[in-house]
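The structure under discussion appears below in the form of structure tokens.
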Amino acid sequence: MKSTRESYGEFLLNKGYEDKNIVVFDADLANATCTKLFKNEFPNRHFDMGISEQDMVGTACGMALSLKKVFASSFAMFLAGRAYEQIRNTAAYSNIDINFCATHSGLAVGEDGATHQCIEDIALMNVIPNMKIFCPADDISTKKILDICLKEKGPKYIRLGRNKAIDIYSDLDNFKLGGSHTFGNGADGTIFAIGNTVSIALQAKQKLEQEGINVRVVDLYSIKPIDRDNIIKCAKQTDKLVSIEDHSVIGGIGSIISNVLTEEYPKKLVKLGVQDKFGKSGDIENLYKMYGITCEKIIEVFK
Numbered sequence: 170m171k172s173t174r175e176s177y178g179e180f181l182l183n184k185g186y187e188d189k190n191i192v193v194f195d196a197d198l199a200n201a202t203c204t205k206l207f208k209n210e211f212p213n214r215h216f217d218m219g220i221s222e223q224d225m226v227g228t229a230c231g232m233a234l235s236l237k238k239v240f241a242s243s244f245a246m247f248l249a250g251r252a253y254e255q256i257r258n259t260a261a262y263s264n265i266d267i268n269f270c271a272t273h274s275g276l277a278v279g280e281d282g283a284t285h286q287c288i289e290d291i292a293l294m295n296v297i298p299n300m301k302i303f304c305p306a307d308d309i310s311t312k313k314i315l316d317i318c319l320k321e322k323g324p325k326y327i328r329l330g331r332n333k334a335i336d337i338y339s340d341l342d343n344f345k346l347g348g349s350h351t352f353g354n355g356a357d358g359t360i361f362a363i364g365n366t367v368s369i370a371l372q373a374k375q376k377l378e379q380e381g382i383n384v385r386v387v388d389l390y391s392i393k394p395i396d397r398d399n400i401i402k403c404a405k406q407t408d409k410l411v412s413i414e415d416h417s418v419i420g421g422i423g424s425i426i427s428n429v430l431t432e433e434y435p436k437k438l439v440k441l442g443v444q445d446k447f448g449k450s451g452d453i454e455n456l457y458k459m460y461g462i463t464c465e466k467i468i469e470v471f472k
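Structure, rendered in structure tokens:
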């Protein structure tokens, strides 16, 4: 087990050997974002901009325009929040090819508390034209999705986590822009999840099956564009629908799924996540219980 931020650091290090055009920007958080691995090996291609996220995004965009393959990193709260104007007006408006890798997303930041727990970033990024959004669930999906980002043009936002992630995928699994991955084909319900909550959804699936309730789990790793076809397919083929995310239910994947259903196949969706509240400082497991982001809450939906 390793966190997706650690997987990100390993990816940069390995790709750094292969491609000398890769450059990395950080805002005084190279240790926490794990870009220090790249920094230690390729100091001339790592740029620490200090506690100046807006400056970092602007400078990184300039570097990207010089045809470098740019990754810019910070905590989700600081990258999506403090540098929002620069991401919108410089990167997205000009459709610059750049990768924004935001670590420490959601309540899973834990003891750092509400000021650092970014539960709005998907909503913020989703409304920006040209932006693509990904949220990997484990080590393999992180590295494969980052590979996709090197090939896809335009601005991309990759949502990464601080805490350890359970291994879900194998090297045989494939990922694509606008795709999703479905576990199982149960007709009793569908659980939509992203990032840390995919493993929670899979635990719920296993426990429900022991009680004769067969559900499928859909990892919506590509949030924008979203896999509309699979959402509609699941709505038609399964009885109940539930989404679970370490993000506000306002503007998160629950809202995005609801928009698809409203337009294509109206059906009730139960949205589990942060219910229009700020986070709190505490242990991750206790926080998830407090905010209802648990296996038990999913099971309740099907009882």
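Count along the sequence shown starting at 1, add 169, and that's the number in this note's numbering. Backbone N, C-alpha and C fix where the C-beta goes; we use that ideal spot for every residue, glycine too. None of these values were measured; they are calculated from a predicted model.
Assign residue i to one of two classes, buried (16 or more other C-beta atoms within 10 Å of its C-beta) or exposed (fewer than that).
i: Lys-405; result: exposed
i: Glu-393; result: Checking the displayed sequence, the identity of residue 393 turns out to be Lys instead of Glu. Buried, by the Cβ-count rule.
i: Leu-341; result: exposed
i: Ile-447; result: A small correction: the amino acid at residue 447 is Phe; Ile does not occupy that position in the sequence shown. Exposed.
i: Lys-440; result: buried
i: Ile-220; result: exposed
i: Leu-236; result: exposed
i: Asn-365; result: buried
i: Lys-320; result: exposed
Thinking C-beta only, is residue j closer than 8 Å to residue i?
i: Leu-438; j: Ile-426; result: yes
i: Arg-331; j: Arg-174; result: yes
i: Val-367; j: Val-384; result: no
i: Gly-348; j: Ser-310; result: no
i: Asp-445; j: Ser-417; result: yes
i: Asp-479; j: His-350; result: Summary: the structure shown does not reach residue 479, with the chain confined to residues 170 through 472, and so no result is reported for it.
i: Ile-422; j: Phe-361; result: yes
i: Val-429; j: Ile-395; result: yes
i: Gly-475; j: Phe-471; result: Beyond the ends of the chain as shown, which are 170 and 472, falls residue 475; an answer cannot be given.
Indicate the three-state DSSP secondary structure (helix, strand or coil) for residue i in the structure shown.
i: Asp-316; result: helix
i: Pro-212; result: helix
i: Cys-464; result: helix
i: Cys-304; result: coil
i: Val-429; result: helix
i: Leu-181; result: helix
i: Val-418; result: coil
i: Cys-230; result: helix
i: Ser-176; result: helix
i: Ser-274; result: strand
i: Asn-264; result: coil
i: Ser-235; result: coil
i: Phe-471; result: coil
i: Gly-250; result: helix
Under the assumption that residue i contacts residue j (Cβ atoms under 8 Å), give the Cβ distance between them as a whole number of angstroms.
i: Gly-275; j: Cys-287; result: 7 Å
i: Leu-293; j: Ala-249; result: 5 Å
i: Ala-261; j: Ile-297; result: 5 Å
i: Ile-369; j: Ile-462; result: 7 Å
i: Asp-308; j: Ala-271; result: At roughly 18 Å, the Cβ-Cβ gap does not stay under 8 Å, so Asp-308 and Ala-271 are not in contact.
i: Ile-401; j: Glu-378; result: In fact, because the Cβ distance is near 24 Å, the residues do not count as touching under 8 Å.
3 or more residues per run - each beta strand (DSSP E) lying fully within the segment 327-357: 350-352
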